[in-house]
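> Have a look at this one.
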Amino acid sequence: MFCIAIALLLVLVVDGHQHYFSRRDPLARWVGEQSRFARERILANIAPFAGDSTAMAGAMCASPSHSRPDYYYAWTRDSALVMNEILSWLDDGHVDGRLDIALDSYVGFTRHVQSLDSAVYGLGEAKFHMNGTVFTGSWCNAQTDGPAIRALAMMRLGLWKTVRSDLDYVERVWWRNGGCDIWEESRGLHFYTLMAQHRALREGTQVAQRRGDPVAERYLEAATGIAKLLERFNHGVVVPTIEWSGGLDGKSDLDTQVLLAALHFTEVGEKYSVESPVIISTVLAFLRRFEPMYDINRVAFTDIYGVRVPVGVAVGRYPEDVYNGVGSSRGNPWSLITSALAEYHYRLALAYADSEELVVGPELAALLQWSAPYLNNGDEALDSLVSLQSYLLAVGDLYMARVARHTGRDHTMYEQWNRRTGFGQGAIHLTWSYAAHTAAARAREKLVEAINN
Ligand code: NOJ
Ligand code: NOJ
18 MFCIAIALLL VLVVDGHQHY FSRRDPLARW VGEQSRFARE RILANIAPFA GDSTAMAGAM
78 CASPSHSRPD YYYAWTRDSA LVMNEILSWL DDGHVDGRLD IALDSYVGFT RHVQSLDSAV
138 YGLGEAKFHM NGTVFTGSWC NAQTDGPAIR ALAMMRLGLW KTVRSDLDYV ERVWWRNGGC
198 DIWEESRGLH FYTLMAQHRA LREGTQVAQR RGDPVAERYL EAATGIAKLL ERFNHGVVVP
258 TIEWSGGLDG KSDLDTQVLL AALHFTEVGE KYSVESPVII STVLAFLRRF EPMYDINRVA
318 FTDIYGVRVP VGVAVGRYPE DVYNGVGSSR GNPWSLITSA LAEYHYRLAL AYADSEELVV
378 GPELAALLQW SAPYLNNGDE ALDSLVSLQS YLLAVGDLYM ARVARHTGRD HTMYEQWNRR
438 TGFGQGAIHL TWSYAAHTAA ARAREKLVEA INN
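Numbering (this note's numbering), first residue to last: 18 to 470.
And the structure:
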C-alpha cells in the first residue's frame, strides 16, 4: 500500500505552473479577506473594544452571544489561545496599536483573576464574568489547561511573576484526576490538558533556569512526570482521556482535541508533533469517521468568487458528540476544527520543507492516498502539484475551502455548522473560530513562501 501511495504521488508530481499560488487564486483572496475580518472581530470581542462599559478591560468573551447559548464570559482557555495567536500576528510583523492595548489590558485582567480568592476552583475555574467577578453557577470544573496556555502567553511577554502564579498552580494540580477536558464534559486525565501543561512547564523550567529561580527544579520534575503519563495515551492512535473518572461516558477513542494539542503545543521533532506517525494516523482515523457522518460532506465543490473549488471533509469534536451549540441533539462539524485541519496539512508540509531527514512513512502515505480523490475532483489543481509540499498545500486548501463554503459572504463565523444544511449554528462570532482561521492562514502563507523560494 505504501508503494501504491508513493506511485500515486509521483503521478501527481507533474510539471507545474505557478498559477496555483497567484494572487488571483480565489481561495488565497478569500483567506486574505477573511483574515482581515477575523482580526477586527477578535478585537471587537475584547474589552475595552467590546462596547460594554461594565466589562473589565482585557476581558475577552468566548462569543458576544448572551443567550442560546450564553457564551458571554471570559473563558481562560479561549482567551489564552487567542492571545497567543495575537502575539504571533505581532511576531509576523503585524502592526496595530489596538493590539498593544488589548495585550496590556489582558495582562491587567489576568493579574486581577490571579488575585481573586473566592473562586472555588482557583485558577482552574473555566470562566469568569466579563466584569471580572467569579462565576458561581455549576460548571464542569476544574479545567487546568487554561492557566498553562496563559503562562505560555505571559512567557512570550516576559512577565515572570504572572507566569509563576499560573505555573505554580499547574505544578500543584497536573496529576490530579477528576478535572474536565477542554470540551467540558469528561473527567479523568486528558491529552490536550497534559500537553498544554507539559509545554508550559518545560518552557517555564528553561526560563527559571536562566533567571536562577530555584523553582526550575520543581517545574522540571512535574514536566518529567507529565511526559511519562503522556506515553500512556498512545494506543496506535492517540486517545483523549485515560483513567476516565466521570462525566460523559461511552466515547470512542477518536477526538480532535488530539489534533489541537499537536498544533498548539508541539514543534517539529517533538513527541506527538504534527509529523509524528501516531498523530498522522490519529488524524486519518478521525477523517475516515467523520467523512460519512455529516450530510454536508457529500458536497465536493464550492464556489469561491465565481470559481469552482474542491472541498475536503468537515469535522467535529468527536464522533459521538451530541452538543448542537445550544443544547443537545446531534453534534455538528466545527469551524475551528476544520480550520485546524487546514493548518495541520500546511504545517505537515512545512515540517518536510524544513527537514531533509524526514521521509514519507506509511502513515503519511496513507493520508496522502486517502486525500487524493478529493483533489481529483478539482479541474485545475492537479497540474500544479510539483512536490510533496505543494501536494499538502492543495490538501490543506481543501479544508480551507470547506471553511469558506460554510462561512457567510459577510465573513461571520459560528462555532458549528449544521450537519445537514451547512449553515452557521451555535455561538455567533466565536472568538476561537476566528483565531483558528488566522492561525491556518499564517501557516499557509509560510508554506507558500517556502514553496516559491
Ligand atoms: C457547554 C459546553 O461548553 C460544551 O462543551 C458542552 O458540550 C455542553 N455544555 C453540553 O454540556
Ligand atoms: C465549548 C467548548 O467545548 C469549549 O472548549 C470552549 O472553551 C467553550 N465552548 C467556550 O468557547
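Ideal Cβ positions, reconstructed from N, Cα and C, are used throughout, including at glycine.
For clarity, every value in this text was computed on a predicted model and none was experimentally measured.
(1) Spatial neighbours of ALA114 within its chain, please: C-beta separation below 6 Å, excluding the five flanking residues on both sides.
(2) In three-state DSSP terms, what is ASP414?
(3) If I measure Cβ to Cβ from ARG40 and keep anything under 8 Å in the same chain, skipping five residues before and after, which residues do I get?
(4) Going by other Cβ atoms of all chains shown within 10 Å of its Cβ, with 16 needed for buried, is SER96 buried or exposed?
(5) Residues near ligand 1, CB to any non-hydrogen atom under 5 Å, in chain order?
(6) For LEU353, which residues from the same chain have a beta carbon less than 6 Å from its beta carbon, with the 5 sequence-adjacent residues on both sides left out?
(7) Alpha carbon to alpha carbon, how far is HIS215 from VAL137? Give it in angstroms, no decimals.
(8) Compute the distance between the beta-carbons of ASP338 and GLY348, then report whether it is under 8 Å.
(9) Return the residue from the list ASP414, ALA382 and LYS288 that minimises the CA-CA distance to ALA331.
(10) Whole-angstrom Cβ separation of ALA16 and GLY149, contact assumed at under 8 Å?
(11) Output the distance between the C-alpha atoms of ALA383 and SER404, rounded to the nearest integer angstrom.
(12) Cβ atoms of GLY139 and CYS197: under 8 Å apart, would you say?
(13) Helix, strand or coil: how does DSSP classify ALA79 here?
(14) Give me the Cα-Cα distance between SER155 and LEU464, rounded to the nearest whole angstrom.
(15) I want to check one thing, is the minimum distance from the CB of ARG94 to the heavy atoms of ligand 2 below 7 Å?
(16) Scan the region 318-384 and note each continuous beta strand (DSSP E) run of 3 residues or more that stays entirely inside, going in chain order.
(17) Can you name the start and end residues of the alpha helix (DSSP H) that TYR209 belongs to?
(18) Under DSSP, the beta strand (DSSP E) around ALA444 begins and ends at which residues?
(19) Mapping the DSSP letters down to three states, classify ASP400 as helix, strand or coil.
(20) Can you look up PHE250 in the DSSP assignment and give me helix, strand or coil?
(21) Using DSSP with H/G/I as helix, E/B as strand and the rest coil, what is PHE282?
(22) Considering only DSSP beta bridges, list what GLN433 is partnered with.
(23) Indicate, with yes or no, if ligand 2 has a heavy atom lying under 7 Å from the CB of LEU447.
(24) From LEU116 to ARG334, what distance separates their C-alpha atoms?
(25) Ignore the nearest five residues each way along the sequence and tell me which others in ARG249's own chain have a CB closer than 6 Å to its CB.
(26) Can you name, in chain order, every residue of its own chain whose Cβ lies under 6 Å from the Cβ of MET171, other than the five neighbours on each side?
(27) Using a Cβ-Cβ distance cut-off of 8 Å, determine whether GLN386 contacts chain D.
(28) Would you mind stating whether ALA366 and LEU410 have Cβ atoms separated by less than 8 Å?
(29) Is the distance from the Cβ of ALA368 to the Cβ of GLU292 below 8 Å?
(30) Ligand 2 and TYR236: does any heavy atom of the ligand fall closer than 7 Å to the residue's C-beta?
(31) Based on Cα-Cα distance, which residue from LEU176, ARG173 and ALA165 lies nearest to TYR186?
(32) Three or more beta-carbon pairs under 8 Å between the region 42-59 and the region 309-324, yes or no?
(33) Can you check which of these residues, LEU169, CYS157, VAL112 and ASP109, is closest to THR127 by C-alpha distance?
(34) Could you check the C-alpha separation between ASP266 and TYR90 for me, to the nearest Å?
Here's the rundown:
(1) Note that residue 114 is Gly in the sequence shown here, rather than Ala. Excluding the 5 residues flanking it on each side, GLY114 has no same chain C-beta neighbour closer than 6 Å.
(2) Three-state DSSP puts ASP414 in a helix.
(3) Confidence is the limiting factor: at ARG40 the pLDDT is only 49, short of 50, which leaves the residue's position unreliable, though a coordinate-based value still follows. Here the set comprises ARG46.
(4) Taking a 10 Å sphere around the C-beta of SER96, we find 16 or more other C-beta atoms and assign the residue as buried.
(5) Qualifying residues come out as TRP200, GLU201 and TYR340.
(6) Only TRP449, SER450 and ALA453 meet the Cβ criterion.
(7) Roughly 24 Å between the two C-alpha positions.
(8) It is a contact, given that the beta carbons lie within the stated cut-off.
(9) If we check each option's Cα against that of ALA331, ASP414 comes out closest.
(10) Since the first residue shown for the chain is 18 and the last is 470, residue 16 is missing from the structure and cannot be characterised.
(11) Rounded to whole angstroms, ALA383 to SER404 spans 17 Å at the Cα level.
(12) Taking 8 Å as the Cβ cut-off, CYS197 and GLY139 do not qualify as a contacting pair.
(13) Here ALA79 sits in coil by DSSP.
(14) Between SER155 and LEU464, the C-alpha separation is close to 44 Å.
(15) Yes - ligand 2 has a heavy atom lying nearer than 7 Å to the Cβ of ARG94.
(16) Taken in chain order, the unbroken stretches of beta strand (DSSP E) that lie wholly in the region 318-384 and span 3 residues or more are 318-321 and 324-327.
(17) Where TYR209 is concerned, the enclosing alpha helix (DSSP H) stretches over 208-228.
(18) In the DSSP assignment, ALA444 falls within the unbroken beta strand (DSSP E) covering 441-445.
(19) Model confidence at ASP400 stands at a pLDDT of 49, short of 50, so the residue's coordinates are unreliable and nothing is read from them.
(20) Secondary structure of PHE250 (DSSP, three-state): coil.
(21) The answer is helix: DSSP assigns PHE282 an H, G or I state.
(22) Beta-bridge pairing by DSSP links GLN433 to TRP351 and GLN442.
(23) Yes; taking the cut-off as 7 Å, the Cβ of LEU447 has a heavy atom of ligand 2 nearer than that.
(24) Take the alpha-carbon of LEU116 and the one of ARG334: they are about 30 Å apart.
(25) ILE259, listed in sequence order.
(26) Here the set comprises THR179 and VAL180.
(27) No chain D is part of this structure, which consists of one protein chain only.
(28) Yes, the Cβ-Cβ distance between ALA366 and LEU410 is below 8 Å.
(29) The answer is yes: Cβ separation under 8 Å.
(30) Proximity of the beta carbon of TYR236 to ligand 2 is not indicated: no heavy atom of the ligand is located closer than 7 Å.
(31) Out of LEU176, ARG173 and ALA165, ALA165 has the C-alpha closest to the C-alpha of TYR186.
(32) With a cut-off of 8 Å, the region 309-324 and the region 42-59 count as touching, because enough Cβ pairs lie within range.
(33) For the residues LEU169, CYS157, VAL112 and ASP109, the minimum Cα distance to THR127 belongs to LEU169.
(34) Their Cα atoms are separated by approximately 27 Å.
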